[in-house]
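**Q**
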Amino acid sequence: MTPAPPSIAIVGGGPAGLRAAELCAAGGAAVTVFDAKRSVARKLLVAGYGGLNLTHGEALDDFVGRYSGGSGFPVRLFEEMIRRFPPDELRAWADGLGIETFEQRTGRVYPREMKAAPMVRRWIERLRKQGVRFEVNHPLAELGPGPSLRCRHTSEAANFSAIILALGGASWPKTGSDAAWVPLLEAHGIAITPFEPANCGWEVAWPDDLAGRIEGKPLKNLRVHAGPLGADGELMLTRHGIEGGAIYQLGPILRAMPEPQVVIDLKPEVAEATLARKMESVRRDFLAAAGERWKLGEPARLLLEHFHGPFDELDELVEATKNLTIPLTGPRPIAEAISSAGGVAWSEIDDELMLRKLPGVFVAGEMIDWEAPTGGYLIQGCFATATHAARGALGYVL
Ligand SMILES: Cc1cc2nc3c(=O)[nH]c(=O)nc-3n(C[C@H](O)[C@H](O)[C@H](O)COP(=O)(O)OP(=O)(O)OC[C@H]3O[C@@H](n4cnc5c(N)ncnc54)[C@H](O)[C@@H]3O)c2cc1C
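Going by numbering that gives the first Met the number 0, the letters in the sequence shown line up with residues 0 to 397, in that order.
Next up, the structure:
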């Protein structure tokens with residue numbers, strides 16, 4: 000009689016959980032994916048609305064430096080996980096599903112179709128063919144040694160050879176990533192770094208009349224500084240404050256500042272002396288003249304006037320244009336953020352991504368305390384950690 004294959008439960012059917020499921024099934028395990036929602040991969044489908052930025056084509060040495068995390072973040076281990084499952088492999092994986100990808104001039108990599116649904120559909124079909132079972136509407140209620148788990152609505156805990164948790168972070172809770180799992184791990188003495196919004200907008204206390212005039216307007220070709228760090232890109236002005244790639248990248252440092260603020264160079268490619276020269280014949284109403292002479296749009300002029308005006312001297316306007324300082328009152332709520340920082344503390348995890356206090360239980364994806372900017376680094380990080388956890392789990396059970 001052939002022995003029964005080892006059984007691996009994956010809890011959480013986002014990209015990390017599904018990636019872990021396919022590797023565990025390919026490795027010979029009997030795999031069941033449990034998810035609290037009616038269907039899996041809901042956040043991945045939401046990410047598809049923006050085209051689904053799968054990964055990034057920059058040099059791997061730069062790529063691996065995009066990741067950071069809370070206390071004890073293992074720089075070397077994380078780099079190793081990415082190098083073992085690098086962006087090229089993610090593109091080859093998509094190709095294996097018949098999803099062609101392309102790299103934009105910015106380096107961002109997308110599926111040619113710019114959506115997630117076809118990829119998710121084919122992926123789930125392939126997982127089913129691999130023998131993966133799906134148990135949706137199964138919120139995790141309890142974890143135990145063995146390892147074992149119990150879902151809400153089931154009276155008894157079930158034992159598995161290994162369990163991989165891929166429960167996601169705390170942003171966009173309506174997609175299922177609601178962090179309701181935190182007390183289940185804390186019950187075992189496992190430390191969870193509190194979740195905070197990452198890749199999110201920041202609030203500014205604009206007066207209503209200013210908000211009404213700038214809302215929905217972009218500021219382009221900027222350099223944005225927070226403390227010693229800078230990021231190039233665009234910002235979108237909203238009723239509540241500022242959104243956009245340039246401020247997302249500065250999230251970790253802004254969160255650490257007691258009084259967060261950004262300093263924006265509205266004309267990063269033009270030297271101060273050049274700005275002054277372009278205004279040589281102007282004697283008054285410098286801000287109005289800057290519209291035409293510096294191609295400074297109305298939203299930028301309104302912000303300059305509000306935060307630094309009035310401008311009696313040209314020098315003052317030049318200085319403010321290179322250093323538009325906007326105090327921030329705090330991040331937007333985590334429910335709106337693209338991702339979250341925080342999660343299972345690194346002190347709780349070994350090099351295989353197994354929980355030290357629950358042998359046989361592994362963790363993967365955004366539920367661990369790491370973060371990365373937008374640009375495809377999040378999905379790549381989820382795939383890489385899931386690949387590592389699945390290999391760890393297979394090593395544990397086989
Ligand atoms: C608007 C938006 C756009 C994005 N765009 C991009 C992008 O273009 N590129 C990119 O790299 N990243 C993007 N992201 C981020 C990316 O989608 C996430 O980082 C990624 O989905 C996290 O994967 P995960 O598998 O760790 O968790 P999730 O995708 O959050 O999946 C977690 C799963 O666990 C289940 N679950 C949670 N708790 C329980 C429980 N107690 N019991 C059972 N099941 C549970 C959930 O239902 C869910 O299915 C975007 C995110 C958002 C919100």
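Where is the CB? At the ideal position from N, CA and C, for every residue including glycine. Given the structure is predicted, the values throughout are model-derived calculations rather than measurements.
Closest to VAL10 by C-alpha separation, out of LEU301, ARG107 and SER38, would be which residue?
**A** Of the listed residues, the one whose Cα sits closest to VAL10 is SER38.
**Q** Starting from the N-terminal side, write out each stretch of the beta strand (DSSP E) that is 3 residues or longer and does not extend beyond the region 5 to 36.
**A** You should have 6 to 10 and 29 to 33.
**Q** What are the start and end residues of the beta strand (DSSP E) that includes THR324?
**A** Counting along the chain, the beta strand (DSSP E) containing THR324 begins and ends at 323 to 326.
**Q** How about PRO14: is its Cβ closer than 7 Å to a heavy atom in ligand 1?
**A** Yes, the Cβ of PRO14 comes within 7 Å of a heavy atom of ligand 1.
**Q** Using only alpha-carbon positions, find the residue among LEU357, PRO326, LEU139 and THR320 that is nearest to GLY226.
**A** Selected option, being the one with the closest Cα: PRO326.
**Q** Any heavy atom of ligand 1 closer than 7 Å to the Cβ of TRP171?
**A** It does: the Cβ of TRP171 is within 7 Å (strictly closer) of some heavy atom of ligand 1.
**Q** Less than 7 Å separating the Cβ of ASP87 from some heavy atom of ligand 1?
**A** Incorrect: ASP87 has no Cβ contact closer than 7 Å to ligand 1.
**Q** Pick from ARG254, TYR66, PRO206 and PRO110: whose alpha carbon is nearest that of ARG90?
**A** The residue with the shortest Cα to Cα distance from ARG90 is PRO110.
**Q** From what residue to what residue does the alpha helix (DSSP H) around ARG390 run?
**A** Here the alpha helix (DSSP H) through ARG390 covers 376 to 396.
**Q** Given 8 Å as the limit, is there contact between the region 51 to 62 and the region 153 to 168, that is, 3 or more CB pairs closer than that?
**A** Contact between the region 51 to 62 and the region 153 to 168 is absent, because fewer than three Cβ pairs lie under 8 Å.
**Q** Would you list the one or two residues that DSSP bridges to ASN158?
**A** The partner list for ASN158 (beta bridge, DSSP) reads SER147.
**Q** Just how far apart, CA to CA, sit VAL135 and ALA388?
**A** In a straight line, the C-alpha of VAL135 is about 22 Å away from that of ALA388.
**Q** Would ASN198 and PRO372 qualify as a contact pair, given that the criterion is a beta-carbon distance under 8 Å?
**A** Yes, these two residues count as a Cβ contact at 8 Å.
**Q** Could you tell me how far apart the beta carbons of ASP368 and GLY341 are, in whole angstroms, since I believe they sit closer than 8 Å?
**A** Yes, they are in contact, since the Cβ atoms of ASP368 and GLY341 sit about 6 Å apart, within 8 Å.
**Q** Rounding to the nearest angstrom, what Cα-Cα distance links GLY130 and LEU17 in this structure?
**A** Distance between the alpha carbons of GLY130 and LEU17: 13 Å.
**Q** Is the number of C-beta pairs between the region 297 to 312 and the region 248 to 257 that are closer than 8 Å three or more?
**A** The region 297 to 312 is not in contact with the region 248 to 257.
**Q** Starting from GLU242, follow the beta strand (DSSP E) in both directions and report where the run begins and ends.
**A** Taken as a continuous stretch (DSSP letters only), the beta strand (DSSP E) holding GLU242 covers 240 to 242.
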